[in-house]
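Quick mapping for you: the protein sequence lines, in order, are chains A and B. Throughout the first sequence, residue numbering follows our numbering, covering 5 to 332 in sequence. Throughout the second sequence, residue numbering follows our numbering, covering -5 to 349 in sequence. Using N, Cα and C, we set each Cβ at its ideal position, and we do this for glycine too.
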Amino acid sequence: MTRPSALSAGPLRPLLGARMPTVATAVLLVATVAASAVLQDGFFTPYGLTSNFAAVLPVAIVTVGQVIVVLGGGIDLSIGTIVTLSSVVTVQLVAGQPDRLPLALGAGLLVGVGCGLVNGLAVAVVRLQPIVATFASSFVFAGLALLILPTPGGEVPSLVTLGYRQVIARAIPVPAVLLLLLWLAWRAVLAHRFGRHVYAVGGNEGAAYASAVPVTAVRLLSYVAGGTFAALAGFALLANSGSGDPFLGNSLTLTSIAALVIGGTRLSGGAGGAGGAIVGAVVLVLIQSLVFFARVPTTARELVTGAIIIVAIALAGLLTARGRGAGP
Amino acid sequence: MTERLDTGRRAGGAESAPDTAGRGGPGGGRGGPGRGLGRLTGHPVLLAGALAVALWAVAALISPGFASYPQVLNLLTVSAFLGVIAIGQTIVILSGGEGIDLSVGAVATLAAIVASRVMEGSNANLVQGILFALVAAACVGLVNGVGITFFRVPPLVMTLGMIGVVQGAIRLYTGGQPKGSVAPALRELVAGNTVLGIPGVLWLWLGLILGVLWLLRRTTFGWRVYAMGAGRRTAYLSGVRVRRMVLGVYTLSSVFAGVGGLLLLGYTQSVFLRLADGYMLPSIAAVVVGGTALVGGVGGYLGTAVGAVLLTVLGSFLDILQIGESGSDAPRQIIYGAVLLAVLSVYGRGRRLRS
């Protein structure tokens, strides 16, 4: 049922231990990157890479947040509205002045943590069903975002937007470096006791409880982590777009769920990881831009994108269900 | 028969509230059998109904117009659309296996758009329009079912992905600009007065409520749905053809969403690209508020119908409070979410791990 035993003893062991994305995810990544290289002019130039990584980063960050929540056996349907709310708070506080940046970023991060705390309390302490509880809280967060910034606007210091699109040493785009940092942050979470506890709780709550895992605290913290990553995604979106919008991140909720499934994380919790989820985010964003570059007629674009995503999910689901792994 | 059903459900979460009350004992819910509130929390249908009436009474105190007969009828009419769309959602969730249908809103929109284009404002095309719309809806449901059974995609993700496909299909079909208009007969059927000013849609909803209750409680199909919700493997070993049932359940869900979209079309009389998209998550909220467990096998449609009324009363209650007069939707949204959380925390809670 779990890993093939022949592989787990051999030299491939560390590779499997690092929770590589599933075969299907890897195939999808290769296919989308190859197709992009063919269809998208200058895909491998510094400019092309920068703009692609710039678009991927926010999606990837939200997805990592969602992965932590899902691994712990929950789901966060409000994560997109948390992105919006913290980005709106940040953009209003910074008001285009670079010297107010630390204050604004701190406040935005606090908002993310606070929203995650609200979700975590509702799910872990009050014991509401995650789907409906976070759906309800998404109304609160979206409403607050609309109160703070009723219409699109606000200004991000050009220092941030220009810095975000810098290319280091003519080859490495800044967003790519940040993506690497994101993965390292995930590895840090995984290395900590909390990471293992999340897998334990998502895999089998009762068994985790019996093994003295602080289940309530772990679930609560998983939502706080989700909210924190959502706030970071908000910053990335702001740096990419340059201004605020009261609906900026709302659609990311559904994108994050699709990306993590493509990346091989099991929706019922306990199996999967952020490495695959990041790849899933890359695949999703590339599919969207591919449909644009393939000169699909405007009216058919949405249908084609939707159909490709379904096929990708089905492909990933088919192979994940077979090779269902346990924890890290 | 009752015995068989009862074994498949947790005590207290059942729709047959009077039965449990009569037996007393284990049906008392978390709060213990002795206290009034405790007993009420064991019966979500009663609780949701009581909450709806209480909310309505408070609203009537603040704004006397709320209690007027036409206003009550209007409230129920608006509830009917959510109620009908949530029929399929209830069946899907009851059937278990992490069952959920996020595509109901998009499917309802699709049905309305197809119907309006085929009808072109003429009664002669009424039957054709309804047929085309429901077939289109059924196709979406069938694809959902195939993805879930044969490709083992989790229902949440499959139906989520289908939203994009359906919206894309709508865009391709309409070119971004919905055409046609509703047949007068459909408008008459939905909004036309019958006795005492009761609009036709309420009779339709009443008929559907009775029909669905019968379907779930008195037919083999219904028993199989509950059996699947209680445990897929057990159901399979007991001779339920699980795959075929899953296909049927998701197709049925889309068809009911299509019916809801048609009723909505008769009510609004015009279509736009996002007509019913907003019904997606409220339909799930109505099911949960009505006492159906998301794990499946526990609950029923009566609770969902009451839940739909409760959510609608809550929405219009916030409307009459007229918060945020500047035309902003924000405070209304915030309170809606907060109240929903409060309502859920009264009885939508899971069990303690220790127990």
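- Relative to Ser226 of chain A, the option among A:Ala38, A:Thr85, A:Gly124 whose CA is nearest is A:Gly124.
- With a threshold of 8 Å between beta carbons, Ala192 of chain A makes no contact with chain B.
- Separation of Val300 of chain B and Trp50 of chain B (C-alpha to C-alpha, rounded to the nearest whole angstrom) is 13 Å.
- In the DSSP assignment, Arg174 of chain A falls outside any alpha helix (DSSP H) and carries neither an H nor an E.
- For the 8 Å CB-CB criterion, Val117 of chain A and Val34 of chain A do not form a contact.
- Ala102 of chain B and Leu258 of chain B do touch by the CB rule: their CB atoms are close to 7 Å apart, below 8 Å.
- If you draw a straight line from the Cα of Val189 of chain B to the Cα of Pro178 of chain B, it comes to about 20 Å.
- Looking at the DSSP output, Gly248 of chain A bridges to A:Gly157.
- Leu271 of chain A carries a coil assignment under DSSP once its states are collapsed to helix, strand and coil.
- For Thr26 of chain A, no CB of chain B lies under 8 Å from its own CB, so it is not counted at the interface with that chain.
- Nearest CB-CB separation between Val93 of chain A and chain B: not below the 8 Å threshold.
- Taking Ala132 of chain B as the centre and dropping the five residues before and after it, the same chain places the C-beta of Thr245, Ser248, Val249, Gly252 closer than 8 Å to its C-beta, in chain order.
- Runs of the alpha helix (DSSP H) lying entirely within the segment 21 to 109 of chain B and spanning at least 4 residues, in chain order: 30 to 35, 38 to 56, 63 to 88.
- Separation of Ser89 of chain B and Leu236 of chain A (C-alpha to C-alpha, rounded to the nearest whole angstrom) is 38 Å.
- Not a single CB atom of chain A sits nearer than 8 Å to the CB of Ala280 of chain B.
- Across the set B:Phe311, B:Ile79, B:Val333, the C-alpha of B:Phe311 shows the shortest separation from the C-alpha of Ser57 of chain B.
- With a contact defined as Cβ atoms closer than 8 Å, Ile313 of chain A and Trp187 of chain A miss out at about 23 Å.
- When beta bridges are read from the DSSP output, Pro178 of chain B appears opposite no residue.
- Just so you know, the alpha carbons of Arg104 of chain A and Ser162 of chain A end up roughly 13 Å apart.
- Under the three-state reduction of DSSP output, Pro149 of chain B falls in the helix class.
- The beta carbon of Gln292 of chain A does not come within 8 Å of any beta carbon belonging to chain B, so the residue lies off that interface.
- If you draw a straight line from the Cα of Ser293 of chain A to the Cα of Ala39 of chain A, it is about 11 Å long.
- Here DSSP, grouped into helix, strand and coil, assigns Leu81 of chain A to coil.
- Taking the beta carbon of Ile328 of chain B as reference, the chain A residues within 8 Å of it are Phe143, Val144, Gly147, Leu148, Leu151, listed in sequence order.
- Closer than 8 Å to the CB of Gly158 of chain B there is at least one CB belonging to chain A.
- Within the segment 77 to 92 of chain B, the residues whose Cβ lies closer than 9 Å to any Cβ of chain A are, in chain order, Glu92.
- At a Cβ-Cβ threshold of 8 Å, Thr269 of chain A and Val71 of chain A count as neighbours.
- Within the same chain, Ala74, Gly77, Val78 come within 7 Å of Trp199 of chain B by CB-CB distance, once the 5 residues on both sides are set aside.
- Short of 6 Å from the beta carbon of Asn244 of chain A, and not among the five residues preceding or following it, lie these beta carbons of its own chain, in chain order: Ala58.
- Considered as a whole, the segment 41 to 126 of chain A harbours 50 to 75, 83 to 98, 105 to 124 as its complete alpha helix (DSSP H) runs of no fewer than 4 residues, in chain order.
- Close partners of Ser339 of chain B in chain A (Cβ separation under 8 Å): Ala126, Val130, Leu132.
- In this structure, B:Gln327 is the residue among B:Ser339, B:Gln327, B:Leu334 with its C-alpha nearest to the C-alpha of Leu148 of chain A.
- Closer than 8 Å to the CB of Phe251 of chain A there is not a single CB belonging to chain B.
- Cβ contact annotation for Pro172 of chain B (same chain, cutoff 6 Å, sequence separation greater than five): Ile107, Val265, in chain order.
- Collapsing the DSSP output to three states places Pro193 of chain B in a strand.
- Between the beta-carbon of Leu207 of chain B and that of Tyr63 of chain B there is about 27 Å, and that puts the pair past the 8 Å contact cut.
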